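In our numbering, the protein residues as written are 401 to 604.
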């Protein structure tokens, strides 16, 4: 199973207007939340909890809170680079971001291509990715990838004037593989680049 990062799920849960879907989408420039993620593999459930911080277009920070053994680990995504800090080892590892981890940026680029569209149907494609909307309620209902993976959005609420999903389910075919829950979500607060500086974060 590919590891679909939580950021994939965030990008399509925001307020949608019938005539300016992409433009409204780009009103989101930052996000903070407490995220609980449940993954179902081989009849077992794995739970992790982390603080999530995003600054568009390409900075993402995860600070692990649970499980206890991973507490304090930092996962920093910046453009095509990924840095992981392991506090128990006092070690930082640099990696290239895998395609599925960086998929959010590809989606943003795709949305940019349709930003001048005057109207969108309730079902449309960006490349081979299918989007299903509820235009009356201004919500994204589902995203379906050519791989067979689907993302379904539930329990929308108003956050900072935007419509945002409180929880998300990910399916591989008909099998539920992950559930995501958002708490204490803040949208469009001021976030400086220093908050994504690994060295500065470690000092604290």
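Virtual Cβ for every residue (Gly too), placed ideally from N, Cα, C.
All figures in this text were calculated on a predicted structure; none of them were measured in a lab.
- For residue 432, the enclosing beta strand (DSSP E) starts and ends at 430–441.
- CA-CA distance, residue 528 to residue 548, rounds to 11 Å.
- Remark: C-beta atoms of residue 598 and residue 474 approach each other more closely than 8 Å.
- Within the same chain, 528 come within 6 Å of residue 546 by CB-CB distance, once the 5 residues on both sides are set aside.
- Boundaries of the beta strand (DSSP E) harbouring residue 534: 529–534, taken from the DSSP string.
- Here the alpha carbons of residue 493 and residue 564 stand approximately 33 Å from one another.
- Each residue's CA atom was taken as its position, placing residue 455 and residue 589 some 10 Å apart.
- Residue 471 holds the alpha-carbon nearest to the alpha-carbon of residue 485 among 471, 497, 479.
- Comparing alpha-carbon positions, the option among 468, 462, 469 lying closest to residue 483 turns out to be 462.
- For residue 583, the closest alpha carbon among the candidates 594, 567, 595 is that of 567.
- Distance from the CA atom of residue 440 to the CA atom of residue 553, rounded to whole angstroms, is 18 Å.
- If you look at residue 557, you'll find it in the beta strand (DSSP E) that goes 549–559.
- In chain order, 455, 459, 461, 476, 478 place their CB closer than 7 Å to the CB of residue 596, counting only its own chain and leaving out the 5 sequence neighbours on each side.
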